[in-house]
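Number of protein chains: 2
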Amino acid sequence: MSSGIVFPRTDASILADDGDSLTFCSTCAFSQACLSEGMDKSALSDLHVLVEHVGPLHAGDHVFREGDPFGAIAAVRAGTVKTYMVDPDGREQVLGFHLPGEVIGLNAIHDDRYPCNAVALDTVMLCRFSFPRIALLATRLPNLQRHLFRLMSRDIGVASLFAGDHSADERMAAFLIGLSRRLAQRGFSPKRFQLTMSRTDIANYLRQAPETVSRVLRRFEREGLVSIKQRDVEILDMARLEAIALTVLRH
Amino acid sequence: MSSGIVFPRTDASILADDGDSLTFCSTCAFSQACLSEGMDKSALSDLHVLVEHVGPLHAGDHVFREGDPFGAIAAVRAGTVKTYMVDPDGREQVLGFHLPGEVIGLNAIHDDRYPCNAVALDTVMLCRFSFPRIALLATRLPNLQRHLFRLMSRDIGVASLFAGDHSADERMAAFLIGLSRRLAQRGFSPKRFQLTMSRTDIANYLRQAPETVSRVLRRFEREGLVSIKQRDVEILDMARLEAIALTVLRH
DNA sequence: CGATCTATTGAGCTTTGTCAACTGCTGTGG
DNA sequence: CCACAGCAGTTGACAAAGCTCAATAGATCG
C-alpha cells in the first residue's frame with residue numbers, strides 16, 4: 001500500500017483473530033447478525049460447529065465457479081469477492097462486489113448449482129456454511145431461519161437497484177455511496193477507502209465503458225466531490241454525492 | 001376480448017374453480033410446487049389452513065403499496081400483477097410482471113415493509129399466505145422451508161437477468177421469450193398470448209422509451225419473428241427469437 | 001360519435017460507446 | 001539501479017444507439 005491511508009481490512013488485529021475464530025469468530029457475518037437478532041449463545045455454538053474457515057485466498061483465486069454443485073454459502077470476513085457470469089459470447093458480466101460481512105452463494109439454492117463465478121479481488125477470508133446443515137439447523141432455530149430469509153430477501157432488492165435506467169453520473173455516485181455505507185456498517189471509514197476492483201470491473205458492473213467510468217471519476221474530482229489517487233478514494237462532499245445517487249438508491 | 005384468440009387466463013373453467021379452491025385449490029402456486037417437491041397431503045392441508053383467497057381484483061387495484069407493513073406473501077392464481085417503485089422524482093420504475101403461479105412479496109421480508117407497489121393489470125386472483133405463520137410452519141415442514149428458500153433464491157437471479165447492458169432488440173426478445181416460457185410452464189400456449197401490460201409498462205420495465213418498444217416490435221413483425229395485433233402476440237419464429245434473446249437469458 | 005388514451009412514426013439531438021493514441025504505474029531482468 | 005515490457009488508466013475524436021419532441025393514427029368508452 002503506497003499511500004498513507006490505513007485500511008482496516010488488512011489490519012493485523014483482524015487477521016490475528018484467526019486463531020480464536022473457530023470458537024468465537026468475532027468478525028463472522030453470521031455470528032454478529034444472529035447475535036443482534038437475539039439468538040442466544042447456545043444457538044451460536046451450534047452454528048459454529050458447521051462453520052468452515054477458508055482462506056486466505058489471494059487475488060484471482062476462485063471461491064466457486066459457474067455450474068459447480070451447490071453445497072455451501074459463505075460469509076466474507078475480509079477482502080473483496082467479485083461475482084460474475086460469462087455470457088454465451090464470452091463477455092464477462094459483473095454481478096456484484098461483496099465486502100466483509102456480506103454473504104455469497106444464496107442465488108445458488110434454486111437449482112443446486114452456482115449460477116455465477118466468485119473470485120477474490122485481494123486477500124480474502126471466508127466462513128463457509130454447509131447449506132443443508134444450516135437449513136436443518138434453521139428448523140430448530142427460528143431466529144436463524146428468519147435471518148436467512150431476511151438475507152435472501154435483501155439480495156432480491158439489491159439486485160434491482162442498479163437495474164434502473166440511470167445516467168453515468170448517477171450510477172457512479174450510487175456506486176461510491178453504496179460502498180461507503182457498506183464499509184461504514186462494518187466499522188471502516190465511510191470517507192476514505194480503497195477501490196479493490198479495477199476500473200474495468202467497475203465499468204462492467206455499472207454497464208458502462210471503462211472510458212466513461214474514467215471520465216466521470218475525473219469530472220467528480222474536478223467538481224470537488226471526491227479525490228481519487230489510483231484506487232484510493234476520498235469522499236469530499238458526501239451530501240452532494242448522495243444527492244446525485246438519490247434516484248438510484250432511493251434514500 | 002376482441003380477437004378470436006382464447007386466453008386460458010380468463011377461461012371460465014379456471015374461474016369456476018373458485019368455489020372449491022379453499023379446500024383444494026388446484027391452481028394455487030404453492031400447492032402445486034409443494035406437491036411436486038414431495039410434500040405429503042397432510043402437510044398440504046396444514047398449508048391450506050393459513051391460505052386466504054383474495055379476489056377478484058380489477059385492473060388498477062393494488063395488492064400492496066410501498067411502505068405498507070409486511071404481513072403476507074401472495075401467489076398469483078390468475079391475471080397479471082405489476083410491481084413497481086416510484087423514485088424521488090415521481091418517475092415510475094417497473095420491477096416485474098407476475099403471472100399465474102408466481103409469488104410476490106418476498107422482497108418485503110428484509111425490512112418488514114413492502115419496498116414496492118403491486119397492482120393488478122387485469123382481473124387477478126390471489127392466494128395470500130401470512131408470512132409469520134408460513135415461516136413457523138416451515139420449521140415443522142422442511143420441504144416447505146426448502147421451497148421458500150428456492151423461491152427466494154430464484155428471485156435473486158431473475159432480478160439480475162435484465163440488469164445487463166443489452167440492445168433494445170435483445171431485451172425485447174428476452175422479454176417475449178421469458179413470457180412465453182413462463183406461460184408455457186403454467187399450461188398456457190407458448191406461441192400465442194396476450195400482453196396484459198401497456199407498451200409504456202413494457203418500455204419502463206426494459207428501461208427504454210415507449211417509442212423504442214414500438215419500433216422494435218414493428219421491426220420484429222416485418223422480419224417475420226412475431227405477429228402483433230394490439231396486445232395479442234403470436235410468436236412465428238421461436239428459434240430466431242430465442243437466438244436474439246440468448247445473451248440476456250443465457251439459455 | 002366525439003373525447004381521450006394508447007400506440008405508431010418521423011426528425012433531430014444527446015449520451016454514451018468505440019477506436020486510437022498516450023501516460024504512467026509496476027515489476028522484471030540485464 | 002535502470003531500461004523496458006506490459007498493463008491499467010486517461011484523454012480526445014468520432015459514431016451510433018436510443019431518447020425527446022412532435023405529429024398522426026387507431027382504439028376504447030362513454
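As you go down the protein sequences, you meet chains A and B in turn.
The opening residue of the first sequence carries number 1 in full-length UniProt numbering; numbering runs sequentially from there.
The opening residue of the second sequence carries number 1 in full-length UniProt numbering; numbering runs sequentially from there.
Note that CB positions come from ideal geometry on N, CA and C, so glycine has one too.
| said: At the level of alpha carbons, what is the spacing between glutamate 242 (chain B) and leucine 126 (chain B)? | reply: 31 Å
| message | Does any residue of chain B have a CB that is nearer than 9 Å to the CB of phenylalanine 129 (chain A)? | response | no
| said: Considering Cα atoms alone, identify which of B:Ile109, B:Arg219, B:Val124 is closest to histidine 147 (chain A). | reply: B:Ile109
| DSSP-derived helix/strand/coil call for glutamine 194 (chain B) | strand
| Using a C-beta to C-beta distance shorter than 7 Å, which residues of chain B count as neighbours of glycine 157 (chain A)? | Asn107, His110, Pro115
| query | Nearest CA to the CA of alanine 74 (chain A): which residue from A:His53, A:Val86, A:Met197, A:Tyr84? | reply | A:His53
| query | Does DSSP put glutamate 223 (chain A) in a helix, in a strand, or in coil? | reply | coil
| request: Consider the Cβ of glutamine 93 (chain B): report whether some Cβ of chain A lies at a distance smaller than 9 Å. | output: yes
| request: Starting from the Cα of phenylalanine 220 (chain B), find the closest Cα among B:Arg181, B:Phe188, B:Glu170 and give me that residue. | output: B:Glu170
| Closer than 9 Å, CB to CB, is threonine 212 (chain B) near chain A or not? | no
| request: Go to residue 286 (chain A), then tell me how far its alpha helix (DSSP H) extends in each direction, as first and last residue. | output: Since the first residue of chain A shown is 1 and the last is 251, residue 286 (chain A) is not available in this structure.
| query | Taking the C-alpha atoms as reference points, what is the distance between arginine 154 (chain B) and leucine 236 (chain B)? | reply | 29 Å
| field | Range covered by the beta strand (DSSP E) that runs through phenylalanine 175 (chain B) | value | It is not in any beta strand (DSSP E) - phenylalanine 175 (chain B) instead sits in the alpha helix (DSSP H) that spans 168 to 185.
| task | Decide if threonine 200 (chain B) is buried, meaning its Cβ has at least 16 other Cβ atoms within 10 Å, or exposed. | result | exposed
| request: Would you kindly report the start and end of the unbroken alpha helix (DSSP H) that includes tyrosine 205 (chain B)? | output: 199 to 206
| Backbone CA spacing between leucine 144 (chain B) and histidine 98 (chain A) [nearest angstrom] | 29 Å
| task | For proline 56 (chain B), go through chain A and note every residue whose CB falls closer than 8 Å to its CB, in chain order. | result | Simply none; closest approach about 27 Å.
| task | My understanding is that valine 213 (chain A) touches isoleucine 202 (chain A), with C-beta atoms under 8 Å, so please give their C-beta distance in whole angstroms. | result | 5 Å
| Quick one, are the C-beta atoms of alanine 163 (chain A) and serine 167 (chain B) less than 9 Å apart? | no
| message | Taking CB distances under 9 Å as the criterion, tell me whether alanine 239 (chain A) reaches chain B. | response | no
| query | Is it a yes or a no for the segment 116 to 134 of chain A touching the segment 80 to 98 of chain A, going by three-plus beta-carbon pairs under 8 Å? | reply | yes
| message | I need the boundaries of the beta strand (DSSP E) containing glutamate 52 (chain A), first residue and last residue. | response | 51 to 57
| request: Give the straight-line distance between the Cα atoms of aspartate 87 (chain A) and glycine 157 (chain B), rounded to the nearest whole angstrom. | output: 14 Å
| message | Going by DSSP in three states, phenylalanine 149 (chain A) sits in which element: helix, strand or coil? | response | helix
| request: Let me know if leucine 136 (chain B) comes out buried or exposed under the rule of 16 or more other beta-carbons within 10 Å of its beta-carbon. | output: exposed
| task | Kindly say whether serine 167 (chain B), judged by its beta-carbon, lies nearer than 9 Å to any beta-carbon of chain A. | result | no
| When A:Phe175, A:Arg222, A:Phe70, A:Ala78 are compared against glutamate 102 (chain A), the one with the closest alpha-carbon | A:Ala78
| task | Helix, strand or coil for threonine 83 (chain B), going by three-state DSSP, please let me know. | result | strand
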